[in-house]
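A.B. asks:
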Amino acid sequence: MNVVAATGLIEPHGGTLVDRTGERPDDLDSLETITLTSREVSDLDMLASGALSPLEGFMGKADYEGVVEEMRLASGLPWALPVCLAVDKAPEGDRVVLADEAGRPLAVLEVDDVYGYDRQREAETCFRTTDKAHPGVERLYAQHPLYLAGRVTVFDRPEPAFPELAMDPAQTRAAFSERGWRRVVGFQTRNPIHRAHEYLTKCALETVDGLLIHPLVGDTKSDDVPAATRVECYRVLLDGYYPPDRVVISAFPAAMRYAGPREAIWHAICRKNFGCSHFIVGRDHAGVGDYYGTYDAQLIFDDYEPHELGIEPMFFEHAFWCKACGSMATPKTCPHGGDDHVFLSGTKVRELLEAGELPPAEFSRPEVAEVLIDAYK
Ligand SMILES: [Zn+2]
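For the sequence shown, this note's numbering begins at 4 and goes up steadily by one.
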C-alpha cells in the first residue's frame, strides 16, 4: 500500500503526485536561457509542486493535440487546458534554462519537442471564442509562435506572494490527513467572499469532512480586487464565521486563464492533486464578460464519464438572502420572488463601498465590507 492510499485521501490525478524540484546543475552558465512570462512561471511552479500531476513539464504535441481536440492527454486521462511554453525559435541545445522576467534562473527544461500551433484553433476550442477582447484570447494571440516541450527540473521556486498561505499539494494533503479528513471540498475564488459564497461553502461543508478555501493569487485582470485585499477579507471572514478545525485556507498559485468551462475542469483536476475529493462549481465559473452561458461550466463535466475525473463536482445556483424564508437560499430552495431577495449588482456594491457605506449585512459580513471600504479609500 502506498502512502497516499494510507491517508484515505483521493489519489492525485494519474495516481502519483509529481515532484519536479531538484538540484541546480553545475553547467547552468553554458546553457541558453528562455525568459518566461509571469503566467508561464506560475505554470512552472505548479509543475514543480505536483499541482499539475501527472504533467512533468510543458506539453508535447501529442498531449497538446489531445487536450485541444478531445480534452484528454495522449494517455487518455482527462485534461482540459494546454500547459505550454511559447518561444520564438527552437533552442540549439538539448537543455535550456528557464528564467523569470527579472532574469533569475528557475529551472532546466530537457528539450523534447518544438512545434507550431494554430492560435485560432486553440482559441476556438479552449476559449470558445476568437474575439481578441477576451483576455485569454488576447494573451494567446500575442504569444510566440512555437511551443517548446519537455520535462522540467525546478531548482529555485519563485517566492510566494503570500508565504503564510503557500502550501504545495503534499502539504495540503498532510494538513487534511492530520485532521483526519478523507472527504474535502475545494473552493476556488478570485473575489472577496460575500454571504452568497459563504453559504455555498458551508452547504458543501455540511456533507464532507473539511473545506479548502483556495483563492487564486496568480495573475488576474486589472479590474479584479487585488489579491492582498482579498486575502485580508478571507482572514476576517474565517476568524469570525468558520470553525477553524474544519477549514484550511491556502493560496492557489495559478494565473487566471478566463477559459470558463474548460478552466472549471482544469481547476477541479488541480484541486484533486491538492487532496480535494469534491469541488464547488458555481454559475459562470472562471468566466469573463458574457462569453459563456451561465451553466456551461457545470454542463461540461458531463463530457466525461461519471467518476472519470475522480474529483466530484458540486454544482450550485446563485445564492441570496430571502426575507420571506429568513435565511440564505437559492432558486432551488426558495419559492419566493425577487422582491423578497436581497440582491445587489457588483456595480452597486462597488458604489456603496467607494462611498464608505456598508452593504446590507444580508449581503456582506460587515468585517469583510470594512476591509473593502479601507481598500477603496
Ligand atoms: Zn424565500
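Beta carbons are placed, not taken as given, at the ideal position from N, Cα and C, and that holds for glycine.
These numbers were taken from a predicted model, which means no experiment stands behind them.
Terminal residues of the continuous alpha helix (DSSP H) containing T175?
C.D. replies: From DSSP, the alpha helix (DSSP H) with T175 extends over P172 to E181.
A.B. asks: Just to confirm the assignment, what range does the alpha helix (DSSP H) spanning Q191 have?
C.D. replies: Note, Q191: premise wrong, no alpha helix (DSSP H); beta strand (DSSP E) at V187 to T192.
A.B. asks: Please go through the same chain and pick out, in chain order, the residues whose beta-carbon is closer than 7 Å to the beta-carbon of V86, but skip the five residues on each side of it.
C.D. replies: Here the set comprises D46, L55, L58, F61 and M62.
A.B. asks: Tell me which same chain residues have a C-beta within less than 7 Å of the C-beta of E127, skipping the five on either side of it?
C.D. replies: Answer for E127: T133, listed in chain order.
A.B. asks: With A230 as the anchor, note down where its alpha helix (DSSP H) starts and where it stops.
C.D. replies: Its alpha helix (DSSP H) spans residues A230 to Y244.
A.B. asks: Could you check whether A300 and V313 sit closer than 8 Å to each other, using their CB atoms as the reference points?
C.D. replies: Note that residue 313 is Gly in the sequence shown here, rather than Val. No. Outside cutoff.
A.B. asks: Considering G69, what are the terminal residues of the alpha helix (DSSP H) in which it resides?
C.D. replies: G69 -> alpha helix (DSSP H) spans K64 to E73.
A.B. asks: Pick helix, strand or coil for V371, following the three-state DSSP scheme.
C.D. replies: Looking at V371 - three-state DSSP - the assignment turns out to be helix.
A.B. asks: Assuming the contact rule is C-beta atoms closer than 8 Å, Q65 and A77 should be a hit. Round their C-beta distance to whole Å, please.
C.D. replies: Per the sequence presented here, residue 65 reads as Ala, with Gln not at that position. With a Cβ gap of about 4 Å, A65 and A77 count as contacting.
A.B. asks: In the DSSP output, what is T36 paired with across the bridge?
C.D. replies: In DSSP, T36 forms a bridge with V100.
A.B. asks: Identify, in the order they occur along the chain, each residue of the same chain with its Cβ nearer than 6 Å to the Cβ of S33, setting aside the five sequence neighbours on each side.
C.D. replies: There are no such residues.
A.B. asks: Using a Cβ-based criterion (distance less than 7 Å to any ligand heavy atom), does H197 qualify as near ligand 1?
C.D. replies: False, no ligand heavy atom lies under 7 Å from that Cβ.
A.B. asks: Taking 8 Å as the cut-off, does the stretch 139 to 150 touch the stretch 89 to 102 (at least 3 CB pairs, one atom from each stretch)?
C.D. replies: They touch, by the three-pair rule.
A.B. asks: Going by DSSP, name the residue or residues bridged to M331.
C.D. replies: DSSP, once it has assigned bridges, lists W324 as partnering M331.
A.B. asks: Could you check where the beta strand (DSSP E) with V111 kicks off and where it finishes?
C.D. replies: Run containing V111: P108 to G119, per the beta strand (DSSP E) assignment.
A.B. asks: Return the bridge partner residues of I252 from the DSSP annotation.
C.D. replies: DSSP lists I216 as partners of I252.
A.B. asks: Could you please give the first and the last residue of the uninterrupted alpha helix (DSSP H) stretch that includes Y295?
C.D. replies: From DSSP, Y295 is part of no alpha helix (DSSP H); its letter is neither H nor E.
A.B. asks: Please state the DSSP three-state secondary structure of G18.
C.D. replies: In the structure shown, G18 sits in coil (DSSP, three-state: anything other than H, G, I, E or B).
A.B. asks: The beta strand (DSSP E) with V211 in it runs from where to where?
C.D. replies: Where V211 is concerned, there is no enclosing beta strand (DSSP E), given that its DSSP letter is neither H nor E.
A.B. asks: Please report the straight-line C-alpha distance between L80 and Y295, rounded to a whole angstrom.
C.D. replies: Their backbone Cα atoms lie some 25 Å apart in a straight line.
A.B. asks: Express the C-alpha separation of M259 and E266 in angstroms, rounding to a whole number.
C.D. replies: Cα to Cα, E266 sits roughly 9 Å from M259.
A.B. asks: Is H339 near ligand 1 - that is, is its Cβ less than 7 Å away from at least one heavy atom of it?
C.D. replies: Indeed, a heavy atom of ligand 1 lies less than 7 Å from the Cβ.
A.B. asks: According to DSSP, simplified to helix, strand and coil, what is E365?
C.D. replies: Reduced to three states, the DSSP call for E365 is coil.
A.B. asks: So, with DSSP's three-state summary, where would you put N5?
C.D. replies: Its pLDDT being 41, under 50, N5 is placed unreliably by the model, and the measurement read from it follows with that caveat. It is coil, neither helix nor strand.
A.B. asks: What did DSSP end up calling H344 once you bin it into helix, strand or coil?
C.D. replies: Of the three classes helix, strand and coil, the one that applies to H344 here is strand, per DSSP.
A.B. asks: On the CB-based measure, 16 or more other CB atoms within 10 Å of its CB, does P172 come out buried or exposed?
C.D. replies: Buried, by the Cβ-count rule.
A.B. asks: If I measure Cβ to Cβ from H270 and keep anything under 6 Å in the same chain, skipping five residues before and after, which residues do I get?
C.D. replies: Cβ neighbours of H270 beyond the five flanking positions: Q191.
A.B. asks: What are the boundary residues of the alpha helix (DSSP H) that V352 is part of?
C.D. replies: Counting along the chain, the alpha helix (DSSP H) containing V352 begins and ends at G349 to E357.
A.B. asks: For R154, which residues does DSSP report across the bridge?
C.D. replies: Bridge partners of R154: G60 and E113.
A.B. asks: Using a threshold of 8 Å, state whether the C-beta atoms of R98 and V117 are closer than that.
C.D. replies: In this structure, V117 does not lie closer than 8 Å to R98 by Cβ.
A.B. asks: If we require 4 or more residues per run, which alpha helix (DSSP H) segments fall completely within the stretch 255 to 317?
C.D. replies: Taking only runs of at least 4 residues, the alpha helix (DSSP H) segments lying wholly in the stretch 255 to 317 are 264 to 276 and 299 to 302.
A.B. asks: Drop a sphere of 10 angstroms on the beta-carbon of A254, count the other beta-carbons inside from all chains shown, and report buried for 16 or more, exposed for fewer.
C.D. replies: The residue is buried, with at least 16 neighbouring Cβ atoms inside 10 Å.
A.B. asks: For the stretch 342 to 361 against the stretch 300 to 311, are there 3 or more C-beta pairs whose distance is under 8 Å?
C.D. replies: No contact exists between the stretch 342 to 361 and the stretch 300 to 311.
A.B. asks: In the DSSP assignment, find the alpha helix (DSSP H) that holds A145 and state where it starts and stops.
C.D. replies: Note, A145: alpha helix (DSSP H), P138 to A145.
A.B. asks: Just to confirm, is the Cβ distance from V239 to I216 under 8 Å?
C.D. replies: Taking 8 Å as the Cβ cut-off, V239 and I216 do not qualify as a contacting pair.
A.B. asks: Please confirm whether any heavy atom of ligand 1 lies closer than 7 Å to the CB of C206.
C.D. replies: No, the Cβ of C206 stays beyond 7 Å of every heavy atom of ligand 1.
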